[in-house]
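Take a look at the structure set out below.
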Amino acid sequence: MAEATDVRGPDLAEGVPAAELELNGTLVGHFMGEEVLLVRQEDGVHAVGARCSHYGAPLDQGLLVDGQIRCPWHHAGFCLRSGRAERAPGLTDLASYDVEETKGRVRVVRRRPVPSFPTGKTALRIVIVGGGAAGSSAAETLRRQGHSGPITMVDADPELPVDRPNLSKDYLAGAAPEDWLYIRDHAYYQRWAVRRVHGEATELRTSERVLVVSGEELSYDALLLAPGAAARQLQLLGMERSHVHTLRSVSDCKRVIATATGAKHAVVIGAGFLGLEVAGALRARGLEVTVVAPEHTPFVAQLGAEIGQAVMRAHQADGVSFLLGRTVVAIHQDVVEVSDGRRLPAQLVVVAVGAVPRTTLARQAKLDVAAGILVDASLATSAPGVWAAGDAASWWSPRFQTHLRSEHWVTAQRMGQCAAANMLGANEPFDAVPFFWTVHGALTIQWVGYPVGFDDYEIDGSIRDADCAVTYRSKGQVLAVATIGRDIESLRAEVEFERSPQKG
Ligand SMILES: Cc1cc2nc3c(=O)[nH]c(=O)nc-3n(C[C@H](O)[C@H](O)[C@H](O)COP(=O)(O)OP(=O)(O)OC[C@H]3O[C@@H](n4cnc5c(N)ncnc54)[C@H](O)[C@@H]3O)c2cc1C
Ligand code: FES
0 MAEATDVRGP DLAEGVPAAE LELNGTLVGH FMGEEVLLVR QEDGVHAVGA
50 RCSHYGAPLD QGLLVDGQIR CPWHHAGFCL RSGRAERAPG LTDLASYDVE
100 ETKGRVRVVR RRPVPSFPTG KTALRIVIVG GGAAGSSAAE TLRRQGHSGP
150 ITMVDADPEL PVDRPNLSKD YLAGAAPEDW LYIRDHAYYQ RWAVRRVHGE
200 ATELRTSERV LVVSGEELSY DALLLAPGAA ARQLQLLGME RSHVHTLRSV
250 SDCKRVIATA TGAKHAVVIG AGFLGLEVAG ALRARGLEVT VVAPEHTPFV
300 AQLGAEIGQA VMRAHQADGV SFLLGRTVVA IHQDVVEVSD GRRLPAQLVV
350 VAVGAVPRTT LARQAKLDVA AGILVDASLA TSAPGVWAAG DAASWWSPRF
400 QTHLRSEHWV TAQRMGQCAA ANMLGANEPF DAVPFFWTVH GALTIQWVGY
450 PVGFDDYEID GSIRDADCAV TYRSKGQVLA VATIGRDIES LRAEVEFERS
500 PQKG
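Just so we're aligned: 247 in numbering that gives the first Met the number 0 is position 248 of the sequence shown, and the numbers increase by one with no gaps anywhere.
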């Protein structure tokens with residue numbers, strides 16, 4: 000619990016003049032040492048915790064949407080009446096409080112007890128392959144929605160579910176302790192009776208509804224495939240050397256950190272979002288970092304040249320060097336050989352050249368697979384009783400009238416939530432608008448939508464001043480909106496997508 004000195008605004012036990020809170024107005028104060036957000040809606044004044052349960056963003060800077068407060072940083076959504084976490088990446092409910100409005104003052108009078116989840120809705124045996132963003136959020140959703148049957152979450156990684164985006168940001172930079180990484184602790188899974196099995200699922204027999212994990216046969220009524228993606232490898236001389244790493248898991252990250260400790264020079268191969276975040280984090284650890292990649296400007300295909308140039312400038316200002324328009328031809332001990340003949344000193348090499356969806360198990364089980372495991376709008380695969388979600392899945396989007404596959408944390412969590420609800424019979428389409436964020440020094444870029452194949456974009460504001468919104472179109476149709484320094488605009492763009500009529 001925060002100390003009273005850490006919190007903002009007036010003491011809400013004493014109250015504030017009711018006139019200070021207009022319709023749809025917000026006010027932050029504190030109650031018994033906790034920061035509280037007051038919001039007036041048509042049906043009265045509501046009071047919930049003022050900090051997002053994801054990374055603690057100030058929710059008064061968010062957007063009110065249909066009885067929810069949406070978080071400015073990564074677009075979680077919480078019910079104003081109950082504090083309930085309704086949209087990932089908010090997985091934990093906010094505190095909620097009783098409010099009284101009398102004699103022209105609004106007062107918070109008590110913190111409500113934490114509500115319990117329903118139980119007894121279904122008794123299916125549910126097995127989840129993958130304990131990443133999609134798998135772990137599915138397991139939580141099943142319990143939140145009242146599923147009482149057994150849940151088994153199988154994961155090839157030994158660790159508890161981890162906040163993967165942190166692996167290329169604060170944790171890698173040495174600015175966050177390891178315990179920040181874990182989404183939940185062991186006690187959480189014990190309390191909610193989620194059996195975690197460490198092992199690789201190697202065989203799926205859909206006709207028998209059996210999954211084989213390290214020789215053990217697991218029978219299921221419903222199965223979720225959420226195996227994510229694997230780091231793409233390069234066919235390159237020296238890839239097998241011990242100072243060469245890719246980055247996907249906590250153990251990968253620990254290997255990078257171990258090699259970085261005592262190293263002076265690092266080469267990052269790849270100038271995508273991950274490569275540049277890694278370059279920034281290693282630079283923050285004091286290494287001399289050079290990024291080598293074939294493109295001349297980062298992110299051109301994804302977001303256009305101007306944003307790529309701005310990100311590059313931000314990293315250059317921090318001391319990262321770029322060798323673009325070139326490739327690495329070989330990695331030797333302590334030296335990376337570049338296509339232009341240069342030899343870069345490097346005691347650490349990180350290869351960040353994209354990810355490949357993990358589809359081996361789905362192919363073995365003869366599920367339909369294309370760019371990912373093909374699922375319909377409800378995230379059901381071609382086999383009865385089998386759903387798929389996250390980076391590995393390619394879902395039919397009625398909104399964009401095509402199959403989409405994304406590698407976005409929030410989207411994967413929302414897919415896990417939707418698949419879980421559908422396993423319990425909800426039969427909802429997955430219609431969340433893809434959302435992504437990436438951090439490069441002082442520049443945080445967010446985008447909503449699907450900026451693939453745009454033929455035009457329009458920049459409002461100044462990318463250089465980190466204050467802009469960029470709208471991407473194809474044949475006049477808005478595909479996506481990227482923002483820097485305009486969180487509220489990103490939230491509004493997401494709502495606009497949500498409210499635009501679906502095509503199918
Ligand atoms: C370093 C890093 C930084 C990132 N930063 C961002 C960011 O800033 N913003 C953003 O939006 N996205 C980011 N992403 C992408 C985001 O993390 C992914 O989109 C998300 O993790 C996908 O979730 P998922 O559940 O599909 O897969 P994952 O989170 O990868 O989880 C899949 C799990 O399945 C397990 N598994 C795979 N195959 C099997 C099997 N056969 N049997 C058992 N278990 C199996 C894996 O071990 C893994 O634990 C980042 C990714 C990485 C690697
Ligand atoms: S801090 Fe609120 S969604 Fe991330």
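Quick reminder that beta carbons are idealized off the backbone N, C-alpha and C, glycines included.
Asked                                                                                                                                                                       : Found
State buried or exposed for glutamate 276, treating a residue as buried only when at least 16 other CB atoms are found within 10 Å of its CB.                               : buried
If you compare alpha carbons, which of Leu233, Ala228, Leu203 is closest to tyrosine 219?                                                                                   : Leu203
Mind checking lysine 168: buried by the 16 CB within 10 Å criterion, or exposed?                                                                                            : buried
Hey, alanine 137 and alanine 418: beta-carbon distance below 9 angstroms or not?                                                                                            : yes
At a cut-off of 8 angstroms, would you count histidine 407 as near ligand 2, judging by its Cβ distance to the nearest heavy atom?                                          : no
Taking buried to mean at least 16 other C-beta atoms within 10 Å of its own C-beta, is asparagine 426 buried or exposed?                                                    : exposed
Restricting to runs no shorter than 3 residues, where is the beta strand (DSSP E) found entirely within the stretch 136-193?                                                : 150-154
From alanine 75 to serine 396, what does the alpha carbon distance come to, in whole angstroms?                                                                             : 21 angstroms
Would you identify the three-state DSSP class for glutamate 13, choosing helix, strand or coil?                                                                             : coil
How about tryptophan 72: is its Cβ closer than 8 angstroms to a heavy atom in ligand 2?                                                                                     : yes
For aspartate 156 versus valine 290, is the C-beta distance shorter than 9 angstroms?                                                                                       : no
With 16 other CB atoms within 10 Å as the buried threshold, where does proline 164 fall?                                                                                    : buried
Do the stretch 313-323 and the stretch 235-247 make contact, defined as three or more Cβ pairs closer than 8 angstroms?                                                     : no
Closest by CA to alanine 283, which one among Val113, Asp10, Gly173?                                                                                                        : Gly173
Would you list the one or two residues that DSSP bridges to tryptophan 446?                                                                                                 : Phe435, Ala481
Starting from leucine 273, trace the alpha helix (DSSP H) in both directions and tell me its first and last residue.                                                        : 272-283
Buried or exposed, going by whether 16 or more other CB atoms sit within 10 Å of the CB of valine 38?                                                                       : buried
Note down, in chain order, each residue of its chain lying with its Cβ closer than 8 angstroms to the Cβ of aspartate 459, except the 5 sequence neighbours on either side. : Cys467, Ala468, Val469, Thr470
Starting from phenylalanine 496 and walking both ways along the alpha helix (DSSP H), at which residues does that stretch end?                                              : 486-498
Near alanine 278, what residues of its chain come up, given a Cβ to Cβ distance below 7 angstroms and the 5 sequence neighbours on each side ignored?                       : Val267, Val288, Val290, His314, Val319
Rounded to whole angstroms, what is the Cα-Cα separation between isoleucine 462 and alanine 481?                                                                            : 11 angstroms
Restricting to Cα atoms, I'd like to know which of Leu323, Gly324, Arg190, Val350 is closest to isoleucine 330.                                                             : Val350
Does threonine 401 come out as helix, strand or coil in the three-state DSSP assignment?                                                                                    : strand
Which residues in the same chain have their Cβ closer than 6 angstroms to the Cβ of glutamate 495, if we skip the five residues on either side of it in sequence?           : none
Mapping the DSSP letters down to three states, classify glycine 460 as helix, strand or coil.                                                                               : strand
Please classify threonine 410: is it buried, with 16 or more other beta-carbons within 10 angstroms of its beta-carbon, or exposed?                                         : buried
Three or more C-beta pairs closer than 8 angstroms, one from the stretch 439-458 and one from the stretch 105-124: is that the case here?                                   : no
When the Cβ atoms of the stretch 368-388 are set against those of the stretch 332-344, are three or more pairs found closer than 8 angstroms?                               : no
Rounded to whole angstroms, what is the Cα-Cα separation between glycine 415 and arginine 190?                                                                              : 20 angstroms
Where does threonine 25 fall in DSSP's three states?                                                                                                                        : strand
Just checking glycine 103 against ligand 1 - is the residue's beta carbon closer than 8 angstroms to any of the ligand's heavy atoms?                                       : no
Name the one or two DSSP bridge partners that serine 473 has.                                                                                                               : Gln476
For the stretch 202-230, list the alpha helix (DSSP H) runs that are entirely contained and at least 4 residues long, ordered along the chain.                              : none
Given that a residue counts as buried once 16 or more other Cβ atoms are within 10 Å of its Cβ, and exposed if not, what is glutamate 421?                                  : One detail in the question is off: residue 421 reads as asparagine in this sequence, not glutamate. Answer is buried; the Cβ neighbour count reaches 16.
Looking at valine 128 and ligand 1, is the gap between the Cβ and the nearest heavy atom below 8 angstroms?                                                                 : yes
Does the separation of the CB atoms of leucine 360 and alanine 200 fall below 9 angstroms?                                                                                  : yes
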